[in-house]
Amino acid sequence: MPLAELDALLGRVRDLSAAFLSGDSDGFDAFRELTDLLLRRTILHPSGGVTQASGQRPETRVLGGWAGPLDPLPLTDGRFLRLSLTLFREPTDQGFRIKVADSAYQYQADREGDEWIFRYDFLRNPRAPHPASHLQINGVIPDGWLPADTPLSRIHFPTERISFEAVIRLLIEEFGVTANEPPGLWRPLLAESEGLFMGIRHRSISGPSS
Amino acid sequence: MSTRSTAPMYPQIHTPKSSRDLSRAMYTWCVDRCPILKLSRDEILSRIDCAAQQRLRMSGPELLRAYKAGRLVDSGSVADVIVLANLLAEDDPVFASR
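Residue numbers (this note's numbering), protein chains in the order written: chain A, 280 to 489; chain B, 1119 to 1216.
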């Protein structure tokens, strides 16, 4: 990996992050492009891509696969990543900001999602008494270890808000999903982007406050 | 900002030399021509209803009302549907309780 190419990529990540953080309406595009860039350089199958959709709610966009948030992204291992993000833009004391309302990352073996493996969800305003940020694992543990009629897949493990970059790392490092680029490129790329995310993320407590 | 309809349109790419060429071509096509998928209310509701029927054997409005009331046992299985519903107006009648 030529150093100049890596520098250019890192610069692009910083530019896109800055555009997103500026709170301008162009920030929606920047967020989409950044998400697409990170995936394309790591685990995304060449036939996939991230698109943004708009609807009836002003200052709101959602991200998903080519056909929208219900369309999972194909990965290099033949499996899929269901990427669903809601972005909204609102005024604050420091001017407009673009924030993530909900994010859901589900690793799944089939396109439909019947054979899901794990998922991280973040809901800024959860409706159910689950942690706003949680992990679910579609696994099995011995009988009697959980309440009756409660499979492991229904357990919502509370987490800190997990970055998108952490999910990509998990898939490459632990699940063996092949990266499209050598570690010398994708590691610093994810580190740069994740570092910027860590500074701005909204933190949630592990359950309802009342 | 340009928009595109929801009719499936895919780039006409002929004889890509490699998967990376194809990827780059699709990326360029998307950024240049379809930065935003503009969905009408009917299109959003249709997609939600289809997914709700397939996954939970309930209608889209039933799913949305159950979610809003905190009655979905496992909302994670339809997190993408909930995200899609965020494109509806906040006062959309579909969210009204019955």
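In this text, a Cβ means the ideal position worked out from N, Cα and C, and glycines have one as well.
I want to verify the contact list: residues of chain B whose CB lies under 9 Å from the CB of residue i, in sequence order.
| i | result |
| --- | --- |
| A:T438 | Chain B residues near A:T438: none, gap ~13 Å exceeds 9 Å. |
| A:G343 | L1155, D1198, V1201 and L1202 |
| A:S363 | A1197, D1198, V1199, I1200, V1201 and L1202 |
For residue i, return the contacting residues in chain A, with the cut-off set at a CB-CB distance below 7 Å.
| i | result |
| --- | --- |
| B:A1170 | Neighbours of B:A1170 on chain A: none; closest Cβ ~11 Å, over 7 Å. |
Hey, residue i and residue j are a contact pair by Cβ (cut 8 Å); roughly how many whole angstroms apart?
| i | j | result |
| --- | --- | --- |
| B:R1175 | B:S1195 | Not quite, the Cβ-Cβ distance comes to about 12 Å (not below 8 Å), so this is no contact. |
| B:D1167 | B:G1178 | 3 Å |
| A:L464 | A:L285 | 6 Å |
| B:R1193 | A:A380 | The amino acid occupying residue 1193 of chain B in the given sequence is Ser; Arg does not appear at that position. That pair is no contact at about 14 Å. |
| A:L450 | A:Y386 | 6 Å |
| A:R336 | B:A1207 | 6 Å |
| A:L500 | A:L468 | With chain A represented from 280 up to 489, any question about residue 500 of chain A goes unanswered, as that position is not in the structure. |
| A:R291 | A:L323 | The Cβ separation is near 16 Å, so there is no contact. |
| A:G302 | A:G392 | Rounded, the Cβ-Cβ distance is 33 Å, inconsistent with contact. |
| A:D305 | A:A298 | 6 Å |
Listing by chain order, which chain A residues have their CB less than 9 Å from the CB of residue i?
| i | result |
| --- | --- |
| B:R1159 | G334 and Q335 |
With the cut-off set at 8 Å, would you say residue i and residue j are in Cβ contact?
| i | j | result |
| --- | --- | --- |
| B:L1205 | A:A309 | no |
| A:T321 | A:A445 | no |
| A:P351 | A:R390 | yes |
| B:L1190 | B:A1197 | no |
| A:I492 | A:Q415 | Limits of chain A in this structure are 280 at one end and 489 at the other, which puts residue 492 of chain A out of reach. |
| A:H413 | A:P430 | no |
| A:D400 | A:A383 | yes |
| A:I377 | A:F443 | no |
| A:T339 | A:L313 | no |
| A:T355 | A:G344 | no |
| B:V1201 | A:S363 | yes |
| A:A411 | A:R403 | yes |
| B:L1157 | A:G328 | no |
| B:V1199 | B:L1163 | no |
| A:I396 | A:N417 | yes |
In chain D, which residues lie less than 7 Å from residue i when you measure between Cβ atoms?
| i | result |
| --- | --- |
| A:P348 | This model lacks chain D altogether; the protein chains it does include are A and B. |
Which residues in chain B have a C-beta closer than 8 Å to the C-beta of residue i? List them in chain order.
| i | result |
| --- | --- |
| A:D381 | A1197, I1200, V1201 and N1204 |
| A:R398 | G1194 and A1197 |
The ligand ATP and residue i: does the residue's C-beta get closer than 7 Å to at least one heavy atom of that ligand?
| i | result |
| --- | --- |
| B:S1158 | The ligand ATP is not part of this structure, which contains no ligands at all. |
Which residues of chain B have a Cβ atom closer than 7 Å to the Cβ of residue i, listed in chain order?
| i | result |
| --- | --- |
| A:R433 | D1192 |
| A:T339 | N1204 and L1205 |
Those runs of the beta strand (DSSP E) which lie wholly inside the region 1153-1192 of chain B and span at least 3 residues: 1154-1156
Residues of the region 1202-1216 of chain B with Cβ closer than 8 Å to any Cβ of chain A, in chain order: L1202, N1204, L1205, L1206, A1207, E1208 and D1210
Selection of the region 401-421 of chain A by Cβ proximity to chain B, strictly under 9 Å: L402, P405, R406, A407, P408, H409, H413 and Q415
Members of the region 1176-1194 of chain B that neighbour chain A once the beta carbon cut-off is set at 7 Å: Y1185, K1186, G1188, L1190, D1192, S1193 and G1194
4-residue-minimum alpha helix (DSSP H) runs that sit fully inside the region 311-370 of chain A, ordered along the chain: Runs found: none.
Completely contained alpha helix (DSSP H) runs for the region 412-478 of chain A, where each covers 4 or more residues: As far as the region 412-478 of chain A is concerned, its whole alpha helix (DSSP H) runs of at least 4 residues are 443-452 and 462-477.
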